[in-house]
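Undergrad: Quick note: the sequence shown uses numbering that gives the first Met the number 0, first residue 0, plus one each step.
Backbone N, C-alpha and C define an ideal beta-carbon position, used for all residues, glycine too.
First, the structure itself, so that you have it in front of you.
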Amino acid sequence: MTRYRILPLAFLLVAASCAIAQSTNAPDITVSAKARAIQESAIVVDTHADTPQRFLDEGFDIGSTDPNDTGHISLDKAHRGNLGAEFFSIWVDPGTNEGHFAKHTFDLIDSVYEQAARHPDRMMMAFSVADVERAHKEHKLAALMGIEGGHSIENDMHLLRDYYRLGVRYMTLSWSNTNEWADSSGDINDPKVEHHNGLTDFGKQVVLEMNRLGMMVDISHVADKTFWDAIATTKAPVIASHSSARALVDAPRNMTDDMLRAVAKNGGVVQVNFFSGFDDQAYWDASRAQAKERDAAVAAFIAQKKAAGQTVTYVDTDRVEREWTSKLPRPPFHVLIDHIDHIAKVAGVDHVGLGSDFDGVGGATPQRMNSAADLPKITQALLDRGYSADDIKKVLGGNILRVFRQVEEVSREMQAQPH
Ligand SMILES: [Zn+2]
0 MTRYRILPLA FLLVAASCAI AQSTNAPDIT VSAKARAIQE SAIVVDTHAD TPQRFLDEGF
60 DIGSTDPNDT GHISLDKAHR GNLGAEFFSI WVDPGTNEGH FAKHTFDLID SVYEQAARHP
120 DRMMMAFSVA DVERAHKEHK LAALMGIEGG HSIENDMHLL RDYYRLGVRY MTLSWSNTNE
180 WADSSGDIND PKVEHHNGLT DFGKQVVLEM NRLGMMVDIS HVADKTFWDA IATTKAPVIA
240 SHSSARALVD APRNMTDDML RAVAKNGGVV QVNFFSGFDD QAYWDASRAQ AKERDAAVAA
300 FIAQKKAAGQ TVTYVDTDRV EREWTSKLPR PPFHVLIDHI DHIAKVAGVD HVGLGSDFDG
360 VGGATPQRMN SAADLPKITQ ALLDRGYSAD DIKKVLGGNI LRVFRQVEEV SREMQAQPH
C-alpha cells in the first residue's frame, strides 16, 4: 500500500476528458520456452498485494474473469503467471479507522477467508511453508496474510497473538504512520508527530513476541532507526515484504546498501516493490513535484465527501489514484529488474525476492507489468541478464520460503524454552 491518493474533483474532470498517454510502441517482452519452463517449475511467491481492500469495499470476487478489470490479482491472472502463493495485505487506514483498528483488521482477515471458501478448488488458506508446498502440489493459490502497520495491534500483545492464531504470518512494524512504539519513514521528518528514536521498549517486546509466535518481522515502511533497532532485537531473519533500493531511487521508504547488507547478515530477504515511484527516480521526482497540490486536494476531497454524509473508501480513492497516476509516463520495465539486480549484487542472490504491492499502487507499475499474469517476464529478464535457473527460482520464491522456514524453526526453539 502506497500513500498516494486523493485528488481534487477539478483534476478528475480534467483527467476524464484527456486522452491518457501512457501506452508505448515498444514491443512486448516475449517469454521464451526456457523462461516459461523455469517459471512453471518454481513455487512463485509474492509477499504483498492489497487486494483485500477490493474484497471488502468493492465485493470483488477473485474468481473474476472480467477482461475490463484493471486489478492486478485474480485467480485467472495468478494462474497465467504461475503465482503459487500470495501474501494478502491486511492494511487498516489509520486516518479513517481511528478508534477501531482491530475491528477493521478482523474484517479484512475475514474477507480473505471468504474468497478461499468461495473457490476451494483453486485457492486455499495457508499458514506455513508446508501449506504453501501442499497448495503448489494441488495446483491451488496459497493465500497467506500479512498485517501492514503495527497500529493494528492497538498496543496490545493479546491482539498480536490473536492475529497469529487467525493466520497472520508477517507484520510491518509500521505503515506510513508512526505508531506508539515504532517510527515510520513516512512521517519521520514531520515535527508534529511524536517520535521514539526507533523502537520503544514495548516495540522491542513486540519483535520478540513475533519471533516466539513464528510471525515474520517485516521492516518495510519503517524509519531507518526502527530498522536498525529491529535488526539488533530480532532472533529470527527479517523480511522487507515490499521495498526497493535507495541507491537507485532516493525515497525514504527504500533501503540503503548498508541496510541490504545487514539483512543479508541477518539471513533475511528484501522483496522488491513494483511501484513506479520506488523503482524510477524520474517518476518519484514527478510525483513529489505534485505533492503539495495533491495534499491540499486531499483535504478538499475528504471535506466534500464528509459534507455529503459519505465515507471515503479505498475503492473511491484507488479510482482517483488511477486517474492521477495515468497522467505520469510509466517507466520502462527494466527499472524493476534493476532493483532485483542491485539487491542481488549488494546483498546476494539469496536475499532478494518479489513484493509487488499489486492492487496497492493505483496501477502505477512499470510498462509491461500489468498484473500477476506478467510475472514470467521477470524470469525472462533475469535469464537475459545471465541469471541461472537455480538463482531465478530463489528470487521467485525460494528465498522467502527459506526465511519463512527459519522463522518457524526459531519459533519452535523459543517455545521450547520456559518463559
Ligand atoms: Zn505498503
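On the three-state DSSP scale, how would you describe I72?
TA: Taking the sequence shown and counting its residues from 1, one reaches residue 72 at position 73. Coil.
Undergrad: Which residues bound the alpha helix (DSSP H) around W227?
TA: Indexing the sequence shown from 1 puts residue 227 at position 228. Element bounds for W227: 223-232.
Undergrad: From the DSSP output, in three-state form, read off A244 for me.
TA: Counting from one through the sequence shown, the residue named residue 244 turns up at place 245. DSSP places A244 in strand when its eight states are reduced to three.
Undergrad: Buried or exposed: which applies to K393, given that a residue is buried once 16 or more other Cβ atoms fall within 10 Å of its Cβ?
TA: Translated into positions along the sequence shown, residue 393 becomes position 394. With 16 or more Cβ atoms within 10 Å of its Cβ, K393 is classed as buried.
Undergrad: Straight-line CA distance for K33 to S387?
TA: Within the sequence shown, numbered from 1, the residue matching residue 33 stands at position 34. Within the sequence shown, numbered from 1, the residue matching residue 387 stands at position 388. C-alpha separation (whole angstroms): 11 Å.
Undergrad: For E408 and A298, what's the separation of their Cα atoms in angstroms?
TA: The residue labelled residue 408 in the question sits at position 409 within the sequence shown. The residue labelled residue 298 in the question sits at position 299 within the sequence shown. The straight-line gap from Cα to Cα measures roughly 47 Å.
Undergrad: If you measure between the beta carbons of V271 and S243, is that distance less than 8 Å?
TA: Translated into positions along the sequence shown, residue 271 becomes position 272. Translated into positions along the sequence shown, residue 243 becomes position 244. Yes, the Cβ-Cβ distance between V271 and S243 is below 8 Å.
Undergrad: Need the endpoints of the beta strand (DSSP E) that W90 sits in, please.
TA: Working through the sequence shown from its first residue, we reach residue 90 at position 91. First-last of the beta strand (DSSP E) with W90: 82-90.
Undergrad: Based on the DSSP output, what are the partners of M122 in its beta bridges?
TA: Taking the first residue of the sequence shown as 1, we reach residue 122 at position 123. BP columns for M122 point to L140.
Undergrad: By the 10 Å Cβ neighbour count, where 16 or more other Cβ atoms means buried, how is Y3 classified, buried or exposed?
TA: Numbered from 1 along the sequence shown, position 4 holds the residue referred to as residue 3. Model confidence at Y3 stands at a pLDDT of 45, short of 50, so the residue's coordinates are unreliable; what they give is reported in the following sentence. Answer is buried; the Cβ neighbour count reaches 16.
Undergrad: Are the Cβ atoms of P331 and P365 separated by less than 8 Å?
TA: The residue you call residue 331 lines up with position 332 of the sequence shown. The residue you call residue 365 lines up with position 366 of the sequence shown. Contact flag set, yes.
Undergrad: Would you say the beta carbon of T177 is closer than 7 Å to some non-hydrogen atom of ligand 1?
TA: Counting from 1 along the sequence shown, the entry for residue 177 is found at position 178. Not so, every heavy atom of ligand 1 lies at least 7 Å from the Cβ.
Undergrad: Just to check my reading of the structure: A134 and I187 have Cβ atoms closer than 8 Å, yes? What is that Cβ distance to the nearest angstrom?
TA: Here the question's residue 134 lines up with position 135 in the sequence shown. Here the question's residue 187 lines up with position 188 in the sequence shown. Contact doesn't hold; Cβ gap of about 38 Å is too wide.
Undergrad: For the alpha helix (DSSP H) that contains L158, what are its first and last residues?
TA: The residue given as residue 158 occupies position 159 in the sequence shown. Note, L158: alpha helix (DSSP H), 156-165.
Undergrad: Using DSSP bridges, identify the partner residues of E147.
TA: If you number the sequence shown from 1, residue 147 lands on position 148. DSSP lists W90, T171 as partners of E147.
Undergrad: Where L419 and D358 are concerned, what is the direct C-alpha to C-alpha distance, given to the nearest angstrom?
TA: Residue 419 falls outside the range modelled here, since the chain spans only 0 to 418, and no answer is possible.
Undergrad: Report the partner residues of M215 according to the DSSP bridge assignment.
TA: In the sequence shown, counting from the first residue as 1, residue 215 sits at position 216. Beta-bridge pairing links M215 to Y169.
Undergrad: Run through the segment 244-307 for me and flag every whole beta strand (DSSP E) of 3 or more residues, listed as ranges in chain order.
TA: For the segment 244-307, whole beta strand (DSSP E) runs of length 3 or above, ordered along the chain, are 268-271.
Undergrad: If we ignore side chains and look at the alpha-carbon of each, how far apart do T378 and E153 end up?
TA: In the sequence shown, the residue the question calls residue 378 occupies position 379. In the sequence shown, the residue the question calls residue 153 occupies position 154. When rounded, the distance between both Cα atoms is 40 Å.
Undergrad: For a test of the three-state rule: what should DSSP assign to V237, helix, strand or coil?
TA: Here residue 237 refers to the residue found at position 238 when the sequence shown is read from its first residue. Looking at V237 - three-state DSSP - the assignment turns out to be coil, as it is neither helix nor strand.
Undergrad: What residues match up with S183 in a beta bridge as DSSP calls it?
TA: Stepping through the sequence shown from its first residue, residue 183 is reached at position 184. Looking at the DSSP assignment, S183 forms a beta bridge with V221.
Undergrad: How about M170 and G197: do their beta carbons lie closer than 8 Å?
TA: For the purposes of this step, residue 170 is taken as the residue at position 171 of the sequence shown. For the purposes of this step, residue 197 is taken as the residue at position 198 of the sequence shown. No, Cβ-Cβ distance for M170 and G197 is not below 8 Å.
Undergrad: Would D106 pass as a contact of L55 if the rule is Cβ separation under 8 Å?
TA: In the sequence shown, counting from the first residue as 1, residue 106 sits at position 107. In the sequence shown, counting from the first residue as 1, residue 55 sits at position 56. Closer than 8 Å, so yes.
Undergrad: Using a Cβ-based criterion (distance less than 7 Å to any ligand heavy atom), does D356 qualify as near ligand 1?
TA: Reading the sequence shown from its first residue, position 357 is the one you call residue 356. Indeed, a heavy atom of ligand 1 lies less than 7 Å from the Cβ.
Undergrad: Let me know if T104 comes out buried or exposed under the rule of 16 or more other beta-carbons within 10 Å of its beta-carbon.
TA: The residue given as residue 104 occupies position 105 in the sequence shown. Counting Cβ neighbours within 10 Å, T104 comes out buried, since at least 16 surround it.
Undergrad: Within the segment 342-405, note down every full alpha helix (DSSP H) run reaching 4 residues or more, in order along the chain.
TA: As far as the segment 342-405 is concerned, its whole alpha helix (DSSP H) runs of at least 4 residues are 375-383, 388-392.
Undergrad: For H338, which three-state DSSP category applies?
TA: By 1-based counting over the sequence shown, the position of residue 338 is 339. Three-state DSSP puts H338 in a helix.
Undergrad: Name the one or two DSSP bridge partners that L198 has.
TA: To locate residue 198, count along the sequence shown from 1; it is residue 199. For L198, which the question treats as bridged, DSSP gives the partners A181.
Undergrad: If you check the beta carbons only, do L158 and A229 fall under 8 Å apart?
TA: Here residue 158 is taken as the residue at index 159 of the sequence shown, counted from 1. Here residue 229 is taken as the residue at index 230 of the sequence shown, counted from 1. No, the Cβ-Cβ distance between L158 and A229 is not below 8 Å.
Undergrad: May I ask whether a heavy atom of ligand 1 can be found less than 7 Å away from the beta carbon of H220?
TA: Here residue 220 is taken as the residue at index 221 of the sequence shown, counted from 1. Flag set: Cβ of H220 near ligand 1.
Undergrad: Among the residues of its own chain, which have a CB less than 7 Å from the CB of P51, if the five just before and after it don't count?
TA: In the sequence shown, counting from the first residue as 1, residue 51 sits at position 52. F87, S88, I89, L107, S110, V111.
Undergrad: Measure the alpha-carbon distance for K305 versus E97 and round it to whole angstroms.
TA: For this step, residue 305 is matched to residue 306 along the sequence shown. For this step, residue 97 is matched to residue 98 along the sequence shown. Approximately 16 Å between the Cα atoms of the pair.
Undergrad: Is the number of C-beta pairs between the segment 395-413 and the segment 57-75 that are closer than 8 Å three or more?
TA: The answer is no - the segment 57-75 does not touch the segment 395-413, with fewer than three Cβ pairs under 8 Å.
Undergrad: How far does the beta strand (DSSP E) with D109 in it reach, from first residue to last?
TA: Here residue 109 corresponds to residue number 110 of the sequence shown, with the count starting at 1. Element bounds for D109: not the beta strand (DSSP E) but the alpha helix (DSSP H), 100-117.
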